[in-house]
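*Asks:* Sharing a structure, written as structure tokens. Questions coming.
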Amino acid sequence: MKKLLASAFAVILCSAALSITFWVSWEGEPFYRQAADDFYNQTGIPVEIVYFPKIEEKLNISLKTGDLPDAALIKDTYIGDVSSSNMSLPIPQDALKDYPERYLNPYVWNGVVGAVPYYADSQVAFVNLDAFEKAGLSLEERLDFGQFELIKERLAGVVDYPIAFDFTSPYIMFPYVSALNSEEETENLLVGSHGSIEVVSKVKKYFDEGTISRLERAAMNGLFRQGKIGIMLQGSYMAEKFREKGPRFAMLPFPDLEGIEIKGVIDSKGFALFNGETRDQCLSFINFLNEHSREFFVQCDKYPLFCSDWLHELEEIIDEGRFMPNRPGYQSLLFEALEPALQAIYSGAMTVDQALEGAQSYIESVW
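Heads up: the sequence shown begins at 1 in UniProt numbering, then just goes up one per residue.
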């Protein structure tokens, strides 16, 4: 009897040691839960999926307290915060052999890969194909602001808002603010350069002339689904919602600006690991996810960052895109400094140079 109890206790301890917890966010919660069940049925390893709508807020606290999962899905821009906390694990090279270097680089901090890349969203121009067809407009491979006046004239009467995006959104405006900056200037969060002032002034002119309408994100998404917008700048993650209800659409790269090449931001996600004792089990589950993600990725327009032949439309856009720098605090400070500056520019409370130079002074005072 004692031997039987000891054996049972050993099995319980083994199972407890093998169980792993993954924190996830963004789209796909039902997929992760089903994948965890399937993985358990195949391997006997239990996977607890915990969903956080705002996972970075949770991690900001947990990285200080040490109350961390075995793995967590994070943005590439957050890898600097995670790796510099000394709470995460370096990813072994043999686990990364199927990943292109371009998709690994955003997860490198101090020369070490700190997360396993999983998928990417991208900034895109959503084009209402029904409206274009009705207006007799042909779809180009790329858009340029220089085309917008003609497009607006042709779409007038077909849609309420021929071209729309939120000028005050740092997420949308970052590719334009940084378009003429060098890589080093972008890494150093330079938003008050002559190049930034020039480009933002050009973009603002299109709003002043009425060529582009400013709409906030929630209203804009709803209006596009109703077929009332011709061209909208947004993240590709909205594609699934637009397919559920909305016009036929195409996704194109962010529009160039009067010949200035614009590279939309690639918003990639990957899995950071925090527990050396369960590292192998976590990597096994990540491989399982990769093998079973096709339906989820196609449904939600997620571009796989491991080798695959899925989603060619998004691949072409991502090939022309760029990753945002991953220095600790970079994205949060960018948004904190740039949003009020863009609001002041749009309202006319400040000139472009006053607002962007003020944002730069704020960045330099706190960073």
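Think of the CB as a built atom: it goes at the ideal place given N, C-alpha and C, for glycine as much as any other residue.
Under a three-way DSSP split, which group does Thr278 fall into?
*Replies:* If DSSP states are grouped into helix, strand and coil, Thr278 belongs with the helices.
*Asks:* Using only alpha-carbon positions, find the residue among Asp67, Thr65, Ser201 that is nearest to Phe167.
*Replies:* With distances taken between Cα atoms, Phe167 lies closest to Ser201.
*Asks:* Using C-beta distances below 6 Å, list every residue in its chain close to Glu149, excluding the 5 sequence neighbours before and after it, in chain order.
*Replies:* These residues qualify, in order along the chain: Thr211.
*Asks:* Cβ atoms of Phe39 and Phe288: under 7 Å apart, would you say?
*Replies:* Taking 7 Å as the Cβ cut-off, Phe288 and Phe39 qualify as a contacting pair.
*Asks:* Taking Tyr118 as the reference, give the member of Glu56, Glu185, Tyr32, Leu143 with the closest Cα.
*Replies:* Looking at the Cα atoms, Tyr32 is the closest of the given residues.
*Asks:* With which residues is Lys75 paired in a DSSP beta bridge?
*Replies:* DSSP lists Lys269 as partners of Lys75.
*Asks:* Just mark Ala164 as buried or exposed, buried being the case when its beta carbon has 16 or more other beta carbons within 10 Å.
*Replies:* The residue is buried, with at least 16 neighbouring Cβ atoms inside 10 Å.
*Asks:* Using DSSP with H/G/I as helix, E/B as strand and the rest coil, what is Phe254?
*Replies:* The answer is coil: DSSP assigns Phe254 none of H, G, I, E or B.
*Asks:* Report the option in Leu189, Ile317, Gln93 whose CA atom is closest to the CA atom of Val366.
*Replies:* It is Leu189.
*Asks:* Taking DSSP as the reference, what is the three-state secondary structure of Ile55?
*Replies:* Note: Ile55 maps to helix in three-state DSSP.
*Asks:* So, is the C-beta of Ala359 closer than 7 Å to a C-beta in chain C?
*Replies:* Among the chains of the structure shown, chain C does not appear; only one protein chain is present.
*Asks:* Since Gly235 sits in a beta bridge, which residues does DSSP pair it with?
*Replies:* Note: Gly235 sits in a beta bridge opposite Gln123.
*Asks:* Roughly how many angstroms lie between the CA atoms of Tyr303 and Trp310, to the nearest whole one?
*Replies:* In a straight line, the C-alpha of Tyr303 is about 7 Å away from that of Trp310.
*Asks:* How many angstroms separate the CA atom of Tyr176 from the CA atom of Val113?
*Replies:* Computed Cα separation, rounded: 29 Å.
*Asks:* Give me whichever residues DSSP pairs with Glu48 in a beta bridge.
*Replies:* Its beta-bridge partners are Thr21.
*Asks:* Who are the near neighbours of Pro90 in its chain, counting only those whose CB is closer than 6 Å to its CB and skipping five residues on each side?
*Replies:* Val112, listed in sequence order.
*Asks:* What is the DSSP secondary structure of Arg217, counted as helix, strand or coil?
*Replies:* Here Arg217 sits in helix by DSSP.
*Asks:* Below 8 Å, can you find three or more Cβ-Cβ pairs linking the segment 266-282 to the segment 311-330?
*Replies:* The answer is yes - the segment 311-330 touches the segment 266-282, with three or more Cβ pairs under 8 Å.
*Asks:* Starting from Phe165, trace the beta strand (DSSP E) both ways and give me its first and last residue.
*Replies:* Run containing Phe165: 161-165, per the beta strand (DSSP E) assignment.
*Asks:* Can you tell me which of Cys300, Ile363, Leu338 puts its alpha carbon nearest to the alpha carbon of Trp26?
*Replies:* Closest option to Trp26, Cα to Cα, is Cys300.
*Asks:* Among residues of its own chain, excluding the 5 on either side of Phe335, which ones have a beta-carbon nearer than 6 Å to its beta-carbon?
*Replies:* Pro170, listed in sequence order.
*Asks:* Whole angstroms are fine: how far does the CA of Ala218 sit from the CA of Asp160?
*Replies:* Each residue's Cα considered, the two are about 16 Å apart.
*Asks:* Please report how far the alpha carbon of Ser213 lies from the alpha carbon of Lys134, in whole angstroms.
*Replies:* Those two C-alpha atoms are separated by around 21 Å.
*Asks:* Does DSSP classify Asn86 as helix, strand or coil?
*Replies:* Three-state DSSP puts Asn86 in coil, outside helix and strand.
*Asks:* Helix, strand or coil for Arg294? Go by DSSP, reduced to three states.
*Replies:* Looking at Arg294 - three-state DSSP - the assignment turns out to be helix.
*Asks:* Give a yes or no on whether the C-beta atoms belonging to Asp353 and Ile197 are separated by under 7 Å.
*Replies:* Yes.
*Asks:* Whole angstroms is fine: what's the gap from residue 377's alpha carbon to Leu233's?
*Replies:* Residue 377 lies beyond the range of the chain shown here (1 to 367); nothing can be said about it.
*Asks:* Three or more C-beta pairs under 8 Å: does that hold for the segment 126-144 against the segment 73-92?
*Replies:* Contact between the segment 126-144 and the segment 73-92 is absent, because fewer than three Cβ pairs lie under 8 Å.
*Asks:* How far does the alpha helix (DSSP H) with Gln93 in it reach, from first residue to last?
*Replies:* Element bounds for Gln93: n/a, residue is neither H nor E.
*Asks:* Under three-state DSSP, which class holds Ala156?
*Replies:* Note: Ala156 maps to strand in three-state DSSP.
*Asks:* Name the two residues that bound the continuous alpha helix (DSSP H) containing Glu209.
*Replies:* Looking at the DSSP string, Glu209 is not in any alpha helix (DSSP H), and its letter there is neither H nor E.
*Asks:* Straight-line CA distance for Ser7 to Leu18?
*Replies:* Unreliable positioning characterises Ser7 in this predicted model, as indicated by a pLDDT of 35, which lies under 50. A coordinate reading is not provided.
*Asks:* Which residue wins for smallest C-alpha separation from Leu257, given the options Leu215, Lys205, Met220?
*Replies:* Among Leu215, Lys205, Met220, the Cα nearest to that of Leu257 belongs to Lys205.
*Asks:* Between Asp70, Phe207, Ser62, which has its C-alpha nearest residue 380's C-alpha?
*Replies:* It is not possible to answer for residue 380, since the shown part of the chain is limited to 1 through 367.
*Asks:* Rounded to a whole number of angstroms, what is the C-alpha to C-alpha distance between Ile260 and Thr65?
*Replies:* Approximately 46 Å between the Cα atoms of the pair.
*Asks:* Does the Cβ of Asn181 have 16 or more other Cβ atoms within 10 Å, making it buried, or fewer, making it exposed?
*Replies:* Asn181 is buried by the Cβ-count criterion.
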